[in-house]
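Student: For the sequence shown, counting from 1, position 156 maps to 324 in our numbering; every step adds exactly one.
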Amino acid sequence: MKPQIQLAPLKQVKSAGKYILEKEIGTGGFAKVFMGSSAKSNEKFAIKVIKREQAKELDTMSYVENELRIISRLNHPNIVKVYDIIYTDDSILIVMEYMANGDLQRFIDDNYCFNIEDQVRIALEILEALAYLHQRGISHRDIKPANIMFDKEMHAKLIDFGLCRENTNIMKTICGTQLLMAPEVLLNHSYDGIKADIWSYGVTLHIMATRHIPFVIKSESQFVHDCKSNNLAINIRCGGVIGWLVQACLQTNPDERLTAVQLLEFIKSQQTAAVAPIPVARLTVVKRANTSAQIQKVKLHANTPVIIRSRVCSEGNLAARINAHHELPKIHEN
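#1: Could I get the ranges of all uninterrupted beta strand (DSSP E) runs contained in the segment 310-378, with 3 residues as the minimum, in chain order?
#2: Look at the alpha carbon of Val454 and the alpha carbon of Leu348, and state the distance between them as a whole number of angstroms.
#3: Measuring alpha carbon to alpha carbon, tell me which residue in Trp412, Gln415 and Pro351 is nearest Val392.
#4: Going by DSSP, what residues sit across from Ala214 in a beta bridge?
#5: Going by alpha carbons, who is nearest to Asp278 out of Tyr300, Gly330, Pro313 and His308?
#6: Whole angstroms are fine: how far does the CA of Asp258 sit from the CA of Leu521?
#7: Mark Asp365 as exposed unless 16 or more other C-beta atoms lie within 10 angstroms of its C-beta, in which case mark it buried.
#8: Could you check what DSSP says for Arg450 in three-state terms: helix, strand or coil?
#9: What residue range is occupied by the uninterrupted beta strand (DSSP E) comprising Leu400?
#10: With a threshold of 7 Å, establish whether the CB of Lys320 neighbours any heavy atom of the ligand ATP.
#11: Give me the DSSP bridge partner(s) of Ile290.
#12: Helix, strand or coil for Leu468 per DSSP?
#13: Can you give the Cα-Cα distance for Asp271 and Leu326, rounded to whole angstroms?
#14: Would you identify the three-state DSSP class for Ile284, choosing helix, strand or coil?
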């Protein structure tokens, strides 16, 4: 897990190079994020400011160096763009694409719901990012709603690469957000970070669609206990394409999970069927959690607050639509 740092106000940092820091918009694991602009234009940026001394004191420079090394080489429409990295005597500034619509966790916290077309689109866009990373041997290791952000056109993009690892299939470090961790990560055994990403992606989709985690548990400690005792009860409460994707991801045996590329091929093949209008009588309504199995909504720390919210609705249950005549592939039941 990333250590949390209480950063002092960065009053002395007003500008860096051609960029002007305007206002603080969020606090990450070991940095503060500011909205900034170019001195030569009105273009907005998100500028992550990392204090060297505090990062060294809390032994987090390895996360910083790892993130800088990886993000400088990434180029994908569903991964937040990095435009510049500036080094000063006491700080490191990462100049990134400004994500005007904030992160997925804030939409969840505010009880907004995406319609099924947008759910499928978001699922597809994040899968594109994961496939891009995984094909390059990079595992993200912290897939969660707070690390999925939306630009001004509501396109989903993956952020926060401090925990990433590359060209390492077998790992032992426990990292990420506990309720979204794959069971094998909690066992203190070696695990494949890429396969663990797929599990976390499935949990994230389920939270987006239902506002609940897909497990029959009453507490986080029970989740850890059930994972370690190989007794985790999975309860998927969404249907259609999203439900199929969640089920494909939440295979307790990592070797039985589909890869990001395989999932991507499936969702693309189903995209037309998933968004095609069909009679209301054929809609599959998302099943809410039973009182006995329901736990409090997942509360995750958001990296950047929502600035603008758009293309969302405040409906009750979500409807998962798929062509009634199409048969989804069968998935091995845990």
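The beta-carbon is built from N, C-alpha and C at its ideal position, and this holds for glycine as well.
Tutor: Considering the structure as presented:
#1: Those beta strand (DSSP E) runs which fall completely within the segment 310-378 and span 3+ residues are 316-318 and 324-326.
#2: The pLDDT assigned to Val454 is 31, lower than 50, so where the model puts this residue is not dependable; a value taken from the coordinates is nonetheless given after this. Between Val454 and Leu348, the C-alpha separation is close to 21 Å.
#3: Ranking the options by Cα distance to Val392, first place goes to Pro351.
#4: Met203 and Met264.
#5: Here the closest residue by C-alpha is Pro313.
#6: Here the chain has residues from 169 to 502 only, and residue 521 is not among them.
#7: By the 16-neighbour rule on beta-carbons within 10 angstroms, Asp365 is buried.
#8: Only weak support is given to the placement of Arg450: the predicted model assigns it a pLDDT of 28, under 50, and the value that follows is read from those uncertain coordinates. Looking at Arg450 - three-state DSSP - the assignment turns out to be helix.
#9: No beta strand (DSSP E) contains Leu400, which DSSP labels as neither H nor E.
#10: Questions concerning the ligand ATP fall outside what the structure shown contains, since it holds no ligand whatsoever.
#11: Note: Ile290 sits in no beta bridge, so no partner.
#12: Note that Leu468 scores 35 on pLDDT, short of 50, meaning its location in the model is unreliable and no value can be drawn from it.
#13: Roughly 10 Å separates the two Cα atoms.
#14: Note: Ile284 maps to helix in three-state DSSP.
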